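Right, one structure below, let's go through it.
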Amino acid sequence: MIIAHITIPLILCRLFPLNLLALLLGSGAPNFDAIPTLLRKKTPKNAMAELHAGSILHTPFLYLVIVPIVWYFLGLSIAISFSLGGIIHIFMECLDEKGRMLLYPFSKKFYRIYVFPYDFWTYLTDKKTLILESTLFIVASVLVFIR
Amino acid sequence: MRVVVKEWLKENGAYVALWLLMGLVTLGLVVRDLGIYTLAAILPFLPLFIVVLIRLTQELRK
Numbered sequence: 228m229i230i231a232h233i234t235i236p237l238i239l240c241r242l243f244p245l246n247l248l249a250l251l252l253g254s255g256a257p258n259f260d261a262i263p264t265l266l267r268k269k270t271p272k273n274a275m276a277e278l279h280a281g282s283i284l285h286t287p288f289l290y291l292v293i294v295p296i297v298w299y300f301l302g303l304s305i306a307i308s309f310s311l312g313g314i315i316h317i318f319m320e321c322l323d324e325k326g327r328m329l330l331y332p333f334s335k336k337f338y339r340i341y342v343f344p345y346d347f348w349t350y351l352t353d354k355k356t357l358i359l360e361s362t363l364f365i366v367a368s369v370l371v372f373i374r
Numbered sequence: 011m012r013v014v015v016k017e018w019l020k021e022n023g024a025y026v027a028l029w030l031l032m033g034l035v036t037l038g039l040v041v042r043d044l045g046i047y048t049l050a051a052i053l054p055f056l057p058l059f060i061v062v063l064i065r066l067t068q069e070l071r072k
């Protein structure tokens, strides 16, 4: 998912009383594990082996654990919004070829429902991807203007 | 998948244009909702964005 990580928070904020800024930050937070991949001189031959989407940042566990911490410092609404953003990010990405470690730390198995490619370049030109991402984009645009 | 970015961009210009359009409009939607706080949403991801831009520029200069 690329733009869906922004359009889904926009849609959710129109439907539920959530904090958009916290949702967007939570939704983007898992992608910090892409830094090592981006800093590499050459793209690895096997995209599945890279750290991106294979670290604790891409596990629902982390976003459940930090709820009480964020709640204590910033309030319940921000805590729920931030964690929901992160968890939705992870579950949406379970639709790709790599899957995500949904049961971490109990299991390091990657769970997936393979619909979309994982590889970035293939993802950008995949028809199914475009249909999903553009549908979410249209729904978000319409909701922002009517609500 | 390893690609030669320059050639890939030429072959898939329509896809790139579509993604850029969706991205920019989405950014507009966020700005409309958050106003100046959009900066707070973007700021943590700025290092990632800068790295991507640097890598892309390096690839395009090859």
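Just so you know, the sequences run in chain order W and Y.
According to our numbering, the residues represented by the first sequence are 228 to 374, in order.
According to our numbering, the residues represented by the second sequence are 11 to 72, in order.
Cβ coordinates follow ideal geometry from the N, Cα and C atoms, glycine included.
Quantities reported herein were computed from a predicted structural model and do not represent experimental measurements.
Rounded separation between residue i and residue j - CA only
i: ILE283(W); j: PRO54(Y); result: 18 Å
i: LEU311(W); j: LYS355(W); result: 25 Å
i: MET275(W); j: LYS325(W); result: 6 Å
i: LEU247(W); j: GLY253(W); result: 10 Å
i: TYR338(W); j: LEU301(W); result: 32 Å
i: LYS16(Y); j: TYR47(Y); result: 35 Å
i: LEU329(W); j: PHE59(Y); result: 27 Å
Beta carbon proximity, residue i to chain Y, threshold 8 Å
i: ILE212(W); result: Beyond the ends of chain W as shown, which are 228 and 374, falls residue 212(W); an answer cannot be given.
i: GLY281(W); result: no
i: THR362(W); result: no
i: GLY255(W); result: yes
i: LEU278(W); result: no
i: ALA306(W); result: no
i: SER368(W); result: yes
i: LEU289(W); result: no
i: LEU247(W); result: yes
i: TRP298(W); result: no
i: ASP323(W); result: no
i: LEU301(W); result: no
8 Å Cβ cutoff, residue i in contact with chain W
i: LEU66(Y); result: no
i: ALA27(Y); result: no
i: GLY23(Y); result: no
i: GLY33(Y); result: yes
i: ARG71(Y); result: no
i: VAL62(Y); result: yes
Boundaries (first-last residue) of the alpha helix (DSSP H) holding residue i
i: GLU21(Y); result: 15-21
i: CYS240(W); result: 231-242
i: GLY253(W); result: 247-255
i: ILE60(Y); result: 56-71
i: GLY312(W); result: 303-320
i: PRO263(W); result: 262-266
Within 8 Å, do at least three Cβ pairs link the stretch 347-356 of chain W to the stretch 286-306 of chain W? Three or more Cβ pairs closer than 8 Å define a contact, and the stretch 286-306 of chain W falls short of that threshold against the stretch 347-356 of chain W.
If contact is defined by three or more beta carbon pairs under 8 Å, each pair taking one atom from either stretch, is the stretch 292-299 of chain W in contact with the stretch 314-333 of chain W? Contact between the stretch 314-333 of chain W and the stretch 292-299 of chain W is not established, with fewer than three Cβ pairs separated by less than 8 Å.
If contact is defined by three or more beta carbon pairs under 8 Å, each pair taking one atom from either stretch, is the stretch 228-235 of chain W in contact with the stretch 359-369 of chain W? Contact between the stretch 359-369 of chain W and the stretch 228-235 of chain W is present, because at least three Cβ pairs lie under 8 Å.
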